[in-house]
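Taken in order, the sequence shown gives residues 18 to 412; the numbers are from the working numbering. To start, the structure under review is shown below, and the notes come after it.
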Amino acid sequence: MSKLVSVIVVGGSHAGLAVSQKLLRQTRRVKVTLINPSDEYYFNISAPRFLVKPESLPQSKYLYSIPDAFRDYPGDRFNFVKGLVTKIDYATKSVSVALDANSSATTTTPTPTATSFRFDYLVIASGSTTPATLGQSGVRLPFKTTAFEDTRKAIHQAQETLSAAKTILIGGAGPLGVELAGELAEVAGPKTITLVSRSSELLEGATAPVQRKALLLLRQRNVDVLTGASVLAAVHEAHTQTWKVKLSTGRTYTVDAYVATTGTTPNNTFIPKSFLNAQGWVNVDSQLRVLEDGISRSDTYALGDITCHPYRLLSRVPLQGETVAANIVEAIEKRGQVRTYSPEAQKKMMVVPVGQSTGAGHVGGWTLFGCLVWYFKGRDFLTYKAYSFLRGEER
Ligand SMILES: Cc1cc2nc3c(=O)[nH]c(=O)nc-3n(C[C@H](O)[C@H](O)[C@H](O)COP(=O)(O)OP(=O)(O)OC[C@H]3O[C@@H](n4cnc5c(N)ncnc54)[C@H](O)[C@@H]3O)c2cc1C
Numbered sequence: 018m019s020k021l022v023s024v025i026v027v028g029g030s031h032a033g034l035a036v037s038q039k040l041l042r043q044t045r046r047v048k049v050t051l052i053n054p055s056d057e058y059y060f061n062i063s064a065p066r067f068l069v070k071p072e073s074l075p076q077s078k079y080l081y082s083i084p085d086a087f088r089d090y091p092g093d094r095f096n097f098v099k100g101l102v103t104k105i106d107y108a109t110k111s112v113s114v115a116l117d118a119n120s121s122a123t124t125t126t127p128t129p130t131a132t133s134f135r136f137d138y139l140v141i142a143s144g145s146t147t148p149a150t151l152g153q154s155g156v157r158l159p160f161k162t163t164a165f166e167d168t169r170k171a172i173h174q175a176q177e178t179l180s181a182a183k184t185i186l187i188g189g190a191g192p193l194g195v196e197l198a199g200e201l202a203e204v205a206g207p208k209t210i211t212l213v214s215r216s217s218e219l220l221e222g223a224t225a226p227v228q229r230k231a232l233l234l235l236r237q238r239n240v241d242v243l244t245g246a247s248v249l250a251a252v253h254e255a256h257t258q259t260w261k262v263k264l265s266t267g268r269t270y271t272v273d274a275y276v277a278t279t280g281t282t283p284n285n286t287f288i289p290k291s292f293l294n295a296q297g298w299v300n301v302d303s304q305l306r307v308l309e310d311g312i313s314r315s316d317t318y319a320l321g322d323i324t325c326h327p328y329r330l331l332s333r334v335p336l337q338g339e340t341v342a343a344n345i346v347e348a349i350e351k352r353g354q355v356r357t358y359s360p361e362a363q364k365k366m367m368v369v370p371v372g373q374s375t376g377a378g379h380v381g382g383w384t385l386f387g388c389l390v391w392y393f394k395g396r397d398f399l400t401y402k403a404y405s406f407l408r409g410e411e412r
């Protein structure tokens, strides 16, 4: 058999898993090396539920072993590396990888804590992070994973923080802010929840009936919703263990926990600047090949949150994964079947549970009844789909 083509996938979350699994299924001619700083797949979508109601979902529903998900493949077809890519070197067609949190791995010389891997094709699926994940703004909540951190510990600490807080202000009324407010409004014990929305409606980008429904449901649950206001500053005061949150309305709130649910930053520190747009996301062409200074690279693809495409959503990942996998197979096997991807071709939807039993949502122009929001998402926050995302089977 001829030598296998080496494909390196950077990032082992939804997008990296989708492309790795689909590639391995579609061709026997590749060896996939998947690099991720945790060996667990984190189904972060359900975070608003389990961070607020720890008993509602067992960890086995949202944390999965990545190596186990590839046990069907022998070592010469698939290799998992627990590490963080720190540099791409196109002169040697290799990536440098730090194997622990202290290693900078700026050279390609192997050390006990740094190494490098050669590739024929590179897939960038390094995604994004949020201010709350990094603890940069407000309380630290693992909406995404942090490199080399024990995710279970981070989850436990966040659950304790939210459980102890009696007054909570949430800055940002997108789907995450609304979902979190809805969950918090349902937990036992008196909690005062304030949700701050920059615009005059909640859920920017949703249809008007969905925006109205979300507002109604939250107000019915005694969530104080402030529209047309934004958070100017949030400072933690160690001596009182409270947050002072200053709003654009001039009012300052003193709360036990301030939660920031806005802001998405690209995980791009290892990516050449010539691949990035002004906001730091990776430019791609219609085949999801990376654009370097506007020219498509034939050896590098990107998908998921890290690309310049709008709507950084899990629901966008399966089609992007299929596109990248098919195009790598095409590049290797030359079957004459190039796939293209267009974000406009995917249906716009938003499904936002407000608590355990209802919510607001639309699929295209169709508004969903609360019971359908419960059925599709609210009952277990999509964890019924986590395994198929892990296996790259979701379409
Ligand atoms: C709390 C929350 C709830 C959400 N709910 C929904 C929802 O209901 N529906 C929906 O459609 N979308 C939802 N989203 C959006 C969804 O989470 C993202 O679209 C999705 O995570 C994108 O997946 P990804 O694999 O591209 O990136 P990510 O999930 O960000 O994963 C990137 C991976 O790459 C790894 N990585 C980063 N840098 C490196 C490196 N240098 N080397 C190696 N590995 C690296 C990271 O550790 C991580 O594992 C939600 C987002 C949040 C934060």
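Beta carbons: idealized from backbone N, C-alpha and C, even for Gly.
Nearest-angstrom Cα distance between Arg42 and Thr269? Taking the straight line from one Cα to the other gives about 55 Å.
Check this for me: beta carbons of Thr103 and Phe287, under 8 Å apart or not? yes
For Asn284, which residues in the same chain have their Cβ closer than 7 Å to its Cβ, ignoring the five residues on either side in sequence? Hits under 7 Å: Ser143, Gly144, Ser145, Thr146 and Ile323.
Inter-residue spacing [alpha-carbon to alpha-carbon] between Thr123 and Val140: The pLDDT assigned to Thr123 is 47, lower than 50, so where the model puts this residue is not dependable, and the model offers no usable value.
If you follow the beta strand (DSSP E) that Leu249 is in, where does it begin and where does it stop? Its beta strand (DSSP E) spans residues Val248 to Glu254.
Just confirm the distance between the C-beta atoms of Thr400 and Lys70, as a whole number of angstroms; I'd bet it's less than 8 Å. With a Cβ gap of about 13 Å, Thr400 and Lys70 do not count as contacting.
Using alpha carbons as the reference points, say which of Ala255, Gly267 and Ala251 lies closest to Lys261. Ala251
Sheet register partners of Thr211 (DSSP bridge): Thr211 pairs with Leu186 and Asp241.
Give me the DSSP bridge partner(s) of Val309. Contrary to the premise, residue 309 reads as Glu rather than Val in this sequence. DSSP lists Ile312 as partners of Glu309.
Compare the Cα-Cα distances from Lys20 to each of Ile349, Met367, Arg408 and Tyr392 and report the closest residue. Closest by alpha carbon: Ile349.
Rounding to the nearest angstrom, what Cα-Cα distance links Arg356 and Leu235 in this structure? 43 Å
Could you check whether the Cβ of Ile323 sits closer than 7 Å to any heavy atom belonging to ligand 1? yes
Cβ-based neighbour list, Thr125, same chain, cut-off 7 Å, excluding 5 preceding and 5 following: Note that Thr125 scores a pLDDT of 47, beneath 50, so its modelled location is shaky; the value from the coordinates is reported in the next line. Non-local C-beta neighbours of Thr125 in its own chain, meaning closer than 7 Å and more than five positions away in sequence, comprise Asp106, Thr109, Ser111, Ser113 and Ser133, ordered along the chain.
Cβ-Cβ distance between Leu331 and Ile83 below 8 Å: Not in contact: Leu331 and Ile83 (Cβ atoms no closer than 8 Å).
Using a 10 Å radius around the Cβ and a threshold of 16 neighbouring Cβ atoms, would you call Asn379 buried or exposed? One point to set straight first is that residue 379 is His, not Asn, in the sequence displayed. The Cβ neighbour count for His379, taken over all protein chains shown within 10 Å, is at least 16; the residue is labelled buried.
Name the two residues that bound the continuous alpha helix (DSSP H) containing Lys99. Premise fails: Lys99 lies in the beta strand (DSSP E), Phe95 to Lys99, not in any alpha helix (DSSP H).
Quick one: what does DSSP say Tyr79 is sitting in, helix, strand or coil? coil
Mind checking which residues open and close the alpha helix (DSSP H) that includes Gly199? Membership of Gly199 in the alpha helix (DSSP H) is indicated by the continuous run Pro192 to Leu201.
Is Ser133 close to ligand 1? I mean its beta-carbon at under 7 Å from any heavy atom of the ligand. no
I'd like to confirm the pairing. Which residues does DSSP put opposite Asn53 in its beta bridges? Asn53 is bridged to Lys99.
The alpha helix (DSSP H) spanning His31 covers which residue range? Where His31 is concerned, the enclosing alpha helix (DSSP H) starts and stops at His31 to Gln43.
Output the distance between the C-alpha atoms of Val27 and Glu218, rounded to the nearest integer angstrom. 37 Å
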